[in-house]
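For the sequence shown, the residue numbers in numbering that gives the first Met the number 0 are 0 to 120.
Glycine residues also receive a C-beta, built at the ideal position from the N, C-alpha and C atoms.
The structure presented is a predicted model; accordingly, all values stated were derived computationally and were not measured.
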Amino acid sequence: MAHAFHHAISSARKHGGNPSEYYAIHAWFDASKAIIADYRHRALRHHAEGIAMADVIFGPTLTLSTGKVIPTRWIGEQHVREDLGRIPSFADWVRAIRPEPWMGRATRLSLEPAPTPQASP
Ligand SMILES: [Zn+2]
0 MAHAFHHAIS SARKHGGNPS EYYAIHAWFD ASKAIIADYR HRALRHHAEG
50 IAMADVIFGP TLTLSTGKVI PTRWIGEQHV REDLGRIPSF ADWVRAIRPE
100 PWMGRATRLS LEPAPTPQAS P
């Protein structure tokens, strides 16, 4: 599994600047490794919506030390393509999840009004 640092080196080779200028974006994509240490961690952010979320978090563009301005989206797209070979949708990931009974098990909602507090004597 590629490390965020290696993705950052790849970005610097492709767009210029230093790997450190890209590291935070790549580290954000791979932060889900803290949840699960195999490739399934990618279901959380490695898809079209994850790339769009990176835009919101890091801003729409990245200004490099060279003065070059590039879309943040390009970095997200590069990361996901390097890991998966394509950019899936979140729906692609969901189709790979086998439904289990606990996923749809709802409990009764407590809809009765809360008891009124009693005045203390
Ligand atoms: Zn990744």
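For Pro18, the secondary structure class from DSSP, reduced to helix, strand or coil, is helix. Taking the Cα positions, Ala3 is about 11 Å away from Glu81. Restricting attention to Ser19, Phe57, Ile8, Ala42, the CA atom closest to the CA of Arg94 is found in Ala42.
The criterion of a C-beta distance shorter than 8 Å is satisfied by Trp27 and Ala53.
Apart from sequence neighbours up to five positions away, the residues of its chain that approach His14 with a beta-carbon distance below 6 Å are Ile69, ordered along the chain. The beta carbon of His78 sits closer than 7 Å to at least one heavy atom of ligand 1. Taking 8 Å as the upper bound for CB-CB distance, Ala30 and Tyr21 are not in contact here, some 15 Å apart.
When the alpha-carbon of Thr71 is set against those of Leu110, Arg85, Ile56, the nearest one is in Ile56. In this structure, the CA atom of Gly66 is about 9 Å from the CA atom of Gly16. DSSP places Leu108 outside both helix and strand once states are collapsed to three, so it counts as coil.
According to the DSSP secondary-structure assignment, Leu61 is paired through a beta bridge with Ile69.
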